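Here is the structure we will look at, set down as structure tokens.
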Amino acid sequence: MAQFDMILIDTPPMLTIPDARVMGRLADGVVLVVRAAKTTRDAALASRARLREDGVRVIGTIMNDWNPKRSPSGYYGYYDGYHRYYKKYYGYQGNNSDEGS
């Protein structure tokens with residue numbers, strides 16, 4: 026009789042310390058956690074490649090510390106440009122009351 030449906034194990038960064046690769050082989054699956062503006066794309070891809078080489082099932086990826094308002098692109102960057110365009114050419118104010126200009 027199992028006492029738990031799921032057990033999560035947090036390991037050190039896998040590219041510098043091999044513990045994550047060893048634990049990954051023992052687990053049913055791995056969720057790769059990356060940090061916005063810290064983990065490079067190359068590091069994330071290398072981590073995924075190493076896990077696959079080890080035969081580890083990668084279930085998904087989580088990105089920590091991402092702030093969409095500081096993102097140079099993406100949805101919020103698109104929205105901000107769209108809002109500025111309509112404000113400039115059509116006088117549209119919208120719901121963005123915190124904009125200073």
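Position 61 of the sequence shown, counted from 1, bears residue number 86 in this note's numbering, the numbering being contiguous throughout. For each residue, glycine too, the CB sits at the ideal point set by N, CA and C. As the structure is a computational prediction, the values presented were derived from the model and not from experiment.
*Using CA coordinates, which residue listed in 81, 52, 93 and 74 is at the minimum distance from residue 33?*
52
*For residue 71, is the classification buried or exposed, using 16 other Cβ atoms within 10 angstroms of its Cβ as the cut-off for buried?*
exposed
*Pick from 45, 35, 62 and 29 that is closest to residue 88, judged by C-alpha positions*: 62
*When DSSP builds the beta bridges, which residues end up paired with residue 86?*
57
*First through last residue of the alpha helix (DSSP H) which encompasses residue 33*: Here residue 33 belongs to no alpha helix (DSSP H), and DSSP marks it neither H nor E.
*Per DSSP, what kind of secondary structure is residue 95 in: helix, strand or coil?*
coil
*Where does residue 81 land, buried or exposed, given buried means 16+ other C-beta within 10 angstroms?*
The residue is buried, with at least 16 neighbouring Cβ atoms inside 10 Å.
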